[in-house]
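Novice:
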Amino acid sequence: MDNLMKWVTPDGWLDERNHHIFAREALYKGRNGRFVERFYVSQQQSYIFKPVTHAGQAGREGWVYEHILPLIPDIYPKMLARSDASDETSWAIFEDLGKLKHAFEWDTLLEVTKAMARWHALPGDQLPVETPVNGHKPRIELAAAEITLQAEAAASLLAELHISASAAARLLAAIRDLAAMGDRSPYAASQVLTHGDLHLGNYAMAGEKLYILDWEHAHLNTMHWDLYHLLDMSHPLFPKQITSSTRERVLNVYAAESAANGRILDRDQLGEEYAFFAAVYSVWMLLLIRKDLEQKEAVWPASQLQAQWRETADSLMQCMSLLGFIDGRSDKDIGNHIEKAVGE
């Protein structure tokens, strides 16, 4: 570890003065402007340097690696060194897995779903008492409360998607009921270890092996949190197309793998609770995307936000169909009724 730490300055930057850094390659930019980078110490040897990229995550991934990840199968890149800092200068160095394939394909989804069911099955008494209970997005009950406070905007949004007034009213009434339940909601009743941010950019195949990346948002939450990120949560940089059949297959695999690990789930209840969770969070996401599109300077380009809008709207309508709030239609028909987003 000491050998690797020499590549980083005391204030948490790759050392430009170190002539032994052969080359650098930016991989992605965090919201604070810092880059995750691949850096070479020779033509053959490279590592991944990851500084703090989002506010509030300082030291968190290192803690997860030390206290939680040893409890689950080896499906994550090795952390080879990290700073002792617990502020915005903290950083970590990871093994370089080489070329990663981020693909929304069935074989990969199958592997991710099975791995997820296994870490969800970890008994709570095996987890550290300090395990975080919040991630970087609001829990479903708080998202429902935020939608309820924006009920007029939410109703307008649903009308733009050609969802009938009666169907919209049913959905918004159910969302109000969920918000009123607070920590008495069925989603709060059973908490599991979640990855916290399991979108397409955070899992990949390296050769024949699955890797789950970026564990800094791991926390206790409902099992639907990881399932939603895997299936229906949209991301501007990693578009995908979810279908009803893929969603059903993943939930079937998840239920079977959960049972194999000692968690017996009612499959019908799982599907209904998941569809409602995804519908609620999709409305929350659409309100957020709409707000971003109306800003002159958003984090993501308008074209990516517009694609994210369409993807999220498609998921919402599929899940409302599963709940019986709107008439059942094929995925293709649902997609044909999605209106253009603001600014397009």
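Just so we're aligned, residue -5 is where the sequence shown starts under our numbering, counting upward by one.
Note that beta-carbon positions come from the ideal geometry of N, C-alpha and C, so glycine has one too.
These figures come from a predicted structure and were not determined experimentally.
Using the C-alpha atoms, what's the distance from Trp219 back to Leu8?
Specialist: Counted from its first residue, the sequence shown places residue 8 at position 14. Counted from its first residue, the sequence shown places residue 219 at position 225. Using only the alpha carbons, I get a separation of about 35 Å.
Novice: Any chance you could list the beta strand (DSSP E) runs of at least 3 consecutive residues sitting entirely within the region 4 to 37, in chain order?
Specialist: Whole beta strand (DSSP E) segments, 3+ residues: 17 to 23 and 29 to 34.
Novice: Using 8 Å as the cut-off, can you tell me whether the region 206 to 213 makes contact with the region 118 to 128, which would need three or more C-beta pairs spanning the two stretches below that distance?
Specialist: The region 206 to 213 is in contact with the region 118 to 128.
Novice: With a CB to CB cut of under 8 Å and the five nearest residues on each side skipped, what residues in its chain are close to Leu204?
Specialist: Translated into positions along the sequence shown, residue 204 becomes position 210. So the qualifying residues of the chain are Ile69, Thr102, Glu105, Val106, Ala109, Tyr197 and Ala198.
Novice: Evaluate Glu10 with the Cβ neighbour count: other Cβ atoms within 10 Å of its Cβ, from every protein chain shown; 16 or more gives buried, anything less gives exposed.
Specialist: For this step, residue 10 is matched to residue 16 along the sequence shown. Exposed, by the Cβ-count rule.
Novice: Out of Lys23, Gln37, Arg164 and Phe16, state which residue places its alpha-carbon closest to the alpha-carbon of Thr47.
Specialist: The sequence position of residue 47 within the sequence shown is 53, counting from 1. Nearest neighbour of Thr47 by Cα position, chosen from Lys23, Gln37, Arg164 and Phe16, turns out to be Lys23.
Novice: What are the uninterrupted segments assigned as beta strand (DSSP E) that are 3 or more residues long and contained completely in the region 75 to 153, given in chain order?
Specialist: 85 to 89
Novice: Is Ile42 helix, strand or coil by DSSP?
Specialist: Here residue 42 refers to the residue found at position 48 when the sequence shown is read from its first residue. Of the three classes helix, strand and coil, the one that applies to Ile42 here is strand, per DSSP.
Novice: Bridge partners for Met73 per DSSP, in chain order?
Specialist: Within the sequence shown, the letter at position 79 stands for residue 73. Met73 pairs with Phe88.
Novice: Suppose you measure from the CA of Ser309 to the CA of Trp278; what does that come to, to the nearest Å?
Specialist: Mapped onto the sequence shown, residue 309 falls at position 315. Mapped onto the sequence shown, residue 278 falls at position 284. Taking the straight line joining both Cα atoms gives about 12 Å.
Novice: So Leu194 is in the beta strand (DSSP E); what residue range does that whole segment cover?
Specialist: Taking the sequence shown and counting its residues from 1, the one referred to as residue 194 is at position 200. That residue, Leu194, is in no beta strand (DSSP E); it is neither H nor E in DSSP.
Novice: Assign Asn255 to one of three DSSP states: helix, strand, or coil.
Specialist: Start at 1 with the first residue of the sequence shown, and residue 255 comes out as number 261. Of the three classes helix, strand and coil, the one that applies to Asn255 here is coil, per DSSP.
Novice: Pick helix, strand or coil for Val247, following the three-state DSSP scheme.
Specialist: Residue 247 sits at position 253 when you count from the first residue of the sequence shown. Correct three-state label for Val247: helix.
Novice: Is the region 226 to 242 touching the region 290 to 309 in the sense that three or more CB pairs, one from each, lie closer than 8 Å?
Specialist: yes
Novice: To the nearest angstrom, report how far apart Arg343 and Ala250 are at their CA atoms.
Specialist: The requested residue 343 does not occur in the structure, where the chain is confined to residues -5 to 338.
Novice: Report the CB separation of Arg112 from Ile66 in whole angstroms; it is logged as a contact under 8 Å.
Specialist: Position 118 of the sequence shown, counted from the start, is the residue given in the question as residue 112. Position 72 of the sequence shown, counted from the start, is the residue given in the question as residue 66. Indeed, because the Cβ distance is near 7 Å, the residues count as touching under 8 Å.
Novice: Buried or exposed for Arg241, please, with buried defined as at least 16 other CB atoms from any protein chain shown within 10 angstroms of its CB.
Specialist: Translated into positions along the sequence shown, residue 241 becomes position 247. Buried.
Novice: To the nearest angstrom, how far is the alpha carbon of Asp286 from that of Glu60?
Specialist: Within the sequence shown, residue 286 is the residue found at index 292, counting from 1. Within the sequence shown, residue 60 is the residue found at index 66, counting from 1. Spanning the two alpha carbons is a distance of roughly 36 Å.
Novice: Give me, in chain order, the residues of the same chain whose beta-carbon lies closer than 7 Å to that of Ala173; leave out the 5 immediate sequence neighbours on both sides.
Specialist: Taking the sequence shown and counting its residues from 1, one reaches residue 173 at position 179. In the same chain as Ala173, and ignoring 5 residues on each side of it, the C-beta atoms closer than 7 Å to its own belong to Glu135, Ala138, Ala139 and Thr142, in chain order.
Novice: Just checking my contact of Ala86 with Ala79 at CB under 8 Å: how many whole Å lie between their CB atoms?
Specialist: Residue numbering aside, residue 86 sits at position 92 when the sequence shown is read from its first letter. Residue numbering aside, residue 79 sits at position 85 when the sequence shown is read from its first letter. 11 Å between Cβ atoms; not a contact.
Novice: So the candidates are Pro122, His96 and Ser77; which of them puts its Cα closest to the Cα of Val58?
Specialist: Reading the sequence shown from its first residue, position 64 is the one you call residue 58. Comparing Cα-Cα distances from Val58 to each of Pro122, His96 and Ser77, the minimum goes to Pro122.
Novice: Where do the N-terminal and C-terminal ends of the alpha helix (DSSP H) with Thr306 fall, by residue?
Specialist: Counting from 1 along the sequence shown, the entry for residue 306 is found at position 312. It spans Ala296 to Leu316 - the alpha helix (DSSP H) in which Thr306 sits, taken as one unbroken run.
Novice: Tell me which same chain residues have a C-beta within less than 7 Å of the C-beta of Phe16, skipping the five on either side of it?
Specialist: Start at 1 with the first residue of the sequence shown, and residue 16 comes out as number 22. Once the five neighbours on either side are set aside, the close Cβ partners of Phe16 are Tyr34, Val35, Ser36 and Gln37.
Novice: Looking only at its own chain, which residues have a Cβ that is under 7 Å from the Cβ of Ala301, when we skip the five neighbours before and after it?
Specialist: Position 307 of the sequence shown, counting from 1, holds the residue named residue 301. Hits under 7 Å: Pro233.
Novice: Considering only the alpha carbon of each residue, which of Lys0, Pro180 and Gln289 lies closest to Tyr268?
Specialist: As a first step, residue 268 is located in the sequence shown; it is residue number 274 there, counting from the start. Out of Lys0, Pro180 and Gln289, Pro180 has the C-alpha closest to the C-alpha of Tyr268.
Novice: Count the other C-beta atoms from every protein chain shown that fall within 10 angstroms of the C-beta of Asp321, then say buried if there are 16 or more, exposed otherwise.
Specialist: Counting from one through the sequence shown, the residue named residue 321 turns up at place 327. In this structure Asp321 is exposed. Its beta-carbon is surrounded by fewer than 16 other beta-carbon atoms within 10 angstroms.
Novice: Are the beta-carbon atoms belonging to Ser252 and Leu245 less than 7 Å from one another?
Specialist: Along the sequence shown, one-based indexing puts residue 252 at 258. Along the sequence shown, one-based indexing puts residue 245 at 251. No, the pair does not count as a contact, with Cβ atoms beyond the cut-off.
Novice: Leaving out five residues on either side along the sequence, give the residues of the same chain with a beta carbon under 6 Å from the beta carbon of Asp81.
Specialist: Numbered from its first residue, the sequence shown carries residue 81 at position 87. Closer than 6 Å at the Cβ level, and outside the excluded window around Asp81, lie Ala52.
Novice: Under the rule that 16 or more other beta-carbon atoms within 10 Å means buried, what is Trp303, buried or exposed?
Specialist: Residue mapping note: residue 303 aligns to position 309 of the sequence shown, counting from 1. So Trp303 ends up on the buried side.
Novice: Give the secondary structure of Met(-1) by DSSP, where H, G and I count as helix, E and B as strand, and everything else as coil.
Specialist: Residue mapping note: residue -1 aligns to position 5 of the sequence shown, counting from 1. DSSP places Met(-1) in helix when its eight states are reduced to three.
Novice: Once the 5 residues before and after Arg170 are set aside, which same chain residues still bring their CB inside 7 Å of it?
Specialist: Start at 1 with the first residue of the sequence shown, and residue 170 comes out as number 176. Counting only Cβ-Cβ distances below 7 Å, and skipping sequence neighbours, we find Thr142.
Novice: Contact check, Leu299 vs Gln144 under 8 Å by CB: the rounded distance?
Specialist: Translated into the one-based positions of the sequence shown, residue 299 becomes position 305. Translated into the one-based positions of the sequence shown, residue 144 becomes position 150. Between Gln144 and Leu299 the Cβ distance is about 18 Å, and since that is not below 8 Å, they are no contact.
Novice: Rounded to the nearest angstrom, how far is the Cβ of Ala162 from that of Ala153, given a contact under 8 Å?
Specialist: Within the sequence shown, numbered from 1, the residue matching residue 162 stands at position 168. Within the sequence shown, numbered from 1, the residue matching residue 153 stands at position 159. Contact flag correct, Cβ pair sits at about 7 Å.
Novice: Give the C-beta separation of Leu194 and His96 to the nearest angstrom, bearing in mind that I take them to be a contact with Cβ-Cβ under 8 Å.
Specialist: By one-based count along the sequence shown, residue 194 stands at place 200. By one-based count along the sequence shown, residue 96 stands at place 102. Rounded, the Cβ-Cβ distance is 5 Å, consistent with contact.
Novice: Excluding five sequence neighbours on each side, which residues of the same chain lie with their C-beta closer than 6 Å to the C-beta of Leu192?
Specialist: Looking up residue 192 in the sequence shown gives position 198. Within the same chain, Leu192 has close Cβ partners Asp220, His223 and Leu224.
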